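Report on one structure; see the data block that follows.
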Amino acid sequence: MQRFFNCCFELEFYLKIAISCAMVQQVFYLLLEKIELNFITQVVLYWLIGSISFYAIGIFIEKFIKSNDVLRDKLTVRVKKVKKQEFPAFTIKGIIAGEIKAFMSVSIILYLAPEVHRGNSLLLNLGWFWMRIVAADFCFYVVHRLFHTKSFLKIHLKHHEFQDTSSFVAGHKSLLEYIIVTITDVLPILIFGYDITQVCAWTLIGNIYNLEGHSSLSIFFIPSDFHDLHHTGFNGNYGIHGFWDRVFKTLNPLSKKPGIMFPVSLIESNIINPYISAKQATHNKFDD
49 MQRFFNCCFE LEFYLKIAIS CAMVQQVFYL LLEKIELNFI TQVVLYWLIG SISFYAIGIF
109 IEKFIKSNDV LRDKLTVRVK KVKKQEFPAF TIKGIIAGEI KAFMSVSIIL YLAPEVHRGN
169 SLLLNLGWFW MRIVAADFCF YVVHRLFHTK SFLKIHLKHH EFQDTSSFVA GHKSLLEYII
229 VTITDVLPIL IFGYDITQVC AWTLIGNIYN LEGHSSLSIF FIPSDFHDLH HTGFNGNYGI
289 HGFWDRVFKT LNPLSKKPGI MFPVSLIESN IINPYISAKQ ATHNKFDD
């Protein structure tokens, strides 16, 4: 029973990503359907959506949600406390360097990948995004686990300057790590081609769950302290979420966040766990 719910808990994350991306893709399709986009306009659009959403979502989480004591306490998923750290302030130089890096990456990705028009079939896009998140999680797991080996650790140390996490720690990487992670994330695009509406949807939703995952909050996509435990313990929990860590036995025991946004953990905490506890208590009573 517990294994079944653990599997459902992890698949819920994939399904939520796939459904969200498919819905957002429909919006982009309607907006861009009758507009002819050449290579340059696609690059600019892809870059702007990624950059604007990254800063807007991060500022919203850090300045609106975390500054509200009620919301912060309600949504905080971190269980193991760590010493608070000061995060580096944004500088004009840092922002410009980051945007140049992002623009170059977007240009190279769209130049190398073949363009494929997949239309607005909801089921087709749902299947594509499901495949996309499962594959991206696997690729990230492999690379992230390699980053924690002796040979590649130096590449990753900049990201681990913080045990206490903030949304913007998601972008706190060395240049080499940024390049490698970007390649692993876009590998399905390079293999199977890209549809600009899918790419834009994936970028927007990807920024949301990545920033939320580094915020120590459980808002909509992140149902546990999975990634907080990785930053705290510097070991295990290498994937985007827990599926591949469970498969390869590198999953650290995590604390799930029950709630209406996370129906699997809500059912587990309110129905299954009390049932198991009651059954165990009855069993112990008869043993006595």
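Residues 49 to 336 (the working numbering) are what the sequence shown spells out, left to right. For every residue, glycine included, the Cβ atom is placed at its ideal position computed from N, Cα and C. All of these numbers come straight from a predicted model, not from anything done at the bench.
Inset, instruction - Taking all protein chains shown into account, decide if Pro301 is buried (16 or more other Cβ within 10 angstroms of its Cβ) or exposed. - result: When all chains shown are included, Pro301 counts as exposed.
Inset, instruction - Look up Gly307 in the DSSP assignment and give the residues it is bridged to. - result: DSSP output for Gly307 lists Phe310 as bridge partner(s).
Inset, instruction - Go ahead and pull the three-state DSSP assignment for Ile101. - result: Just to set this straight, residue 101 is Ser in the shown sequence, not Ile. Residue state, collapsed to three classes: helix.
Legend entry - 8 Å contact criterion, which Asp276 and Tyr286 should meet: CB distance rounded: About 14 Å separates the Cβ atoms of Asp276 and Tyr286, ruling out a contact at the 8 Å cut-off.
Inset, instruction - Jot down the residue ranges of each uninterrupted alpha helix (DSSP H) in the stretch 263 to 308, minimum 4 residues, whole runs only, in chain order. - result: Counting only runs of 4 or more, we get 274 to 281 and 291 to 295.
Inset, instruction - Spatial neighbours of Gly261 within its chain, please: CB distance less than 6 Å, with the 5 preceding and 5 following residues excluded, ordered by chain position. - result: Take Gly261, set aside five residues on each side of it, and the residues of its chain with a beta-carbon closer than 6 Å to its own are Ile270 and His275, in chain order.
Legend entry - Per-residue burial, Phe296 [other beta carbons within 10 Å of its own, 16 or more giving buried]: Taking all protein chains in view, the Cβ of Phe296 is surrounded by fewer than 16 other Cβ atoms within 10 Å, so the residue is classified as exposed.
Legend entry - Ala66 vs Trp178 beta-carbon contact at 7 Å: Yes, these two residues count as a Cβ contact at 7 Å.
Inset, instruction - Could you tell me which residues DSSP puts in a beta bridge with Glu163? - result: The partner list for Glu163 (beta bridge, DSSP) reads Tyr242.
Legend entry - Of the listed residues Ile256, Ser303 and Leu123, nearest to Lys64 (C-alpha basis): The residue with the shortest Cα to Cα distance from Lys64 is Ile256.
Inset, instruction - Kindly confirm or deny that the stretch 222 to 241 and the stretch 83 to 100 touch, where touching means at least three C-beta pairs closer than 8 Å. - result: With fewer than three CB-CB distances shorter than 8 Å, the stretch 222 to 241 does not count as touching the stretch 83 to 100.
Legend entry - Cβ pair Ile288, Phe186 closer than 7 Å: No. Outside cutoff.
Inset, instruction - Kindly indicate which three-state DSSP category Thr197 falls into: helix, strand or coil? - result: Thr197: coil per DSSP, three-state reduction.
Inset, instruction - For Arg51, count neighbouring Cβ atoms within 10 angstroms of its own Cβ and tell me buried if that reaches 16, exposed if not. - result: With a 10 Å radius around the Cβ and a threshold of 16 neighbouring Cβ atoms, Arg51 comes out exposed.
Legend entry - Contacts around Glu163, its chain only, beta-carbon distance under 7 Å, and the 5 residues preceding and following it disregarded: Close CB contacts of Glu163 within its chain, under the 7 Å cut and outside five residues either way in sequence, are with Gly241 and Tyr242 (chain order).
Inset, instruction - Tell me, please, which residues DSSP counts as bridged to Thr124. - result: For Thr124, which the question treats as bridged, DSSP gives the partners Leu265.
Legend entry - Segment contact flag, the stretch 301 to 314 with the stretch 145 to 159, C-beta cutoff 8 Å, min 3 pairs: No contact exists between the stretch 301 to 314 and the stretch 145 to 159.
Legend entry - C-alpha distance - Lys202 paired with Asn283, whole-angstrom precision: Computed Cα separation, rounded: 15 Å.
Inset, instruction - With DSSP collapsed to three states, give me the class of Ser153. - result: Ser153 falls in the helix class under three-state DSSP.
Inset, instruction - Specify the secondary structure class of Asn54 as computed by DSSP and reduced to three states. - result: Helix at Asn54.
Legend entry - Selected residue, minimal CA-CA separation from Lys221, among His278, Lys206, Val92 and Val312: Checked all of His278, Lys206, Val92 and Val312; the closest Cα to Lys221 is Lys206.
Legend entry - CB-CB length for Leu259 against Gly98, believed under 8 Å: Rounded, the Cβ-Cβ distance is 12 Å, inconsistent with contact.
Inset, instruction - Determine the DSSP secondary structure at Asp233, reduced to helix, strand or coil. - result: In this structure, DSSP gives Asp233 a helical state, which the three-state scheme calls helix.
Inset, instruction - Helix, strand or coil for Asn258, going by three-state DSSP, please let me know. - result: Here DSSP, grouped into helix, strand and coil, assigns Asn258 to helix.
Legend entry - Beta-carbon gap between Val125 and Asp273 smaller than 7 Å: With contacts defined by Cβ atoms closer than 7 Å, Val125 and Asp273 form a contacting pair.
Inset, instruction - Please list, in chain order, all residues of the same chain as Phe268 whose beta carbon is under 6 Å from its beta carbon, the five residues on each side excluded. - result: The residues are Met309.
Legend entry - Closest residue to Val182 among Glu58, Ile315, Ser313 and Leu314 (Cα-Cα distance): Comparing Cα-Cα distances from Val182 to each of Glu58, Ile315, Ser313 and Leu314, the minimum goes to Glu58.
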